[in-house]
Amino acid sequence: MSTLLHIDSSPLGEGSISRRLTGEFVRNWKLANPDGEIITRDLTAGNLTSINTAWIVGAHTPKSSRTSIQNEVLALSDALIAELQSADEYVFGVPMHNFAAPSVFKLWIDQIVRAGETFSYGEGGPVGLLKNKKATFVIASGGVYEAETAMAAYNFVEPYLRTLFGFVGVTDTNFIAAGGAAAVSLGRVDSQVFLQPHIESIRTRFHAA
109 MSTLLHIDSS PLGEGSISRR LTGEFVRNWK LANPDGEIIT RDLTAGNLTS
159 INTAWIVGAH TPKSSRTSIQ NEVLALSDAL IAELQSADEY VFGVPMHNFA
209 APSVFKLWID QIVRAGETFS YGEGGPVGLL KNKKATFVIA SGGVYEAETA
259 MAAYNFVEPY LRTLFGFVGV TDTNFIAAGG AAAVSLGRVD SQVFLQPHIE
309 SIRTRFHAA
């Protein structure tokens, strides 16, 4: 049985472009995997915190030597990592905020990149431990930042995510760029008209599969 991890990070709720597209991805994934399990996490729910000294010390303390307080400090990180480990495929909704991923998404990343859990140190350098996973990233942005556009150099989201997830072992990645969403928020383009080509792209992906 396959498992999909669905993570959203937009603060816009039902009005979010990335959320609507990850929702479409999830619906099509479920049709293709009727017996599959879906794990859903909304990063804007408010339970993410910045890592601190206690977290760092606990993460670098062998499990057998951790105190109960250290285990408590790492409990959320452990749960988030367990979701990544148990899922076969991921879909992430990541709006572009100031040319980068939202701060809440970075908080999540800081919780899941841990030595001995999602990567290890080998003789040749770091080795990613999240093997045989697939990840789809839905990146919604007000402007257009795709390759070979005038603003492409300002897109720090996709290269960062490719590097970060490659570091933890996830190299089978797909990016859906929903650029130009500002036209929707400004009322120049109907949201459904804007979304339709991306929805069709998602449906085609599953149909082709």
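Be aware that the sequence shown starts at 109, since it is given in my numbering, and climbs by one per residue.
Glycine included, every Cβ here is placed at the ideal spot set by N, Cα and C.
N-terminal and C-terminal residue of the beta strand (DSSP E) that residue i is part of
i: D280; result: D280 to G287
i: I164; result: Run containing I164: none in the beta strand (DSSP E); it sits in the alpha helix (DSSP H), T161 to A167.
i: S293; result: From DSSP, S293 is part of no beta strand (DSSP E) but of the alpha helix (DSSP H) over A290 to S293.
i: E225; result: Counting along the chain, E225 falls outside any beta strand (DSSP E), and DSSP gives it neither H nor E.
Residue i - DSSP class collapsed to helix/strand/coil
i: S172; result: helix
i: G250; result: coil
i: L238; result: coil
i: F207; result: coil
i: V301; result: helix
Contact under 8 Å by Cβ, residue i with residue j
i: S117; j: P210; result: yes
i: A318; j: F302; result: Because the chain is modelled from 109 through 317, residue 318 falls outside the range shown and cannot be assessed.
i: V181; j: A162; result: yes
i: T281; j: F245; result: yes
i: F273; j: I247; result: no
Environment of residue i [buried if 16+ CB atoms lie within 10 Å]
i: M259; result: exposed
i: L129; result: buried
i: S249; result: buried
i: H114; result: buried
Where the alpha helix (DSSP H) containing residue i begins and where it ends
i: R128; result: I125 to A140
i: E266; result: V265 to F275
i: V212; result: S211 to I220
i: D186; result: A183 to S194
Cβ distance (whole Å) where residue i is taken to contact residue j below 8 Å
i: P234; j: S126; result: Contact flag wrong, Cβ pair sits at about 29 Å.
i: V199; j: L238; result: Not really, about 15 Å apart at Cβ, beyond 8 Å.
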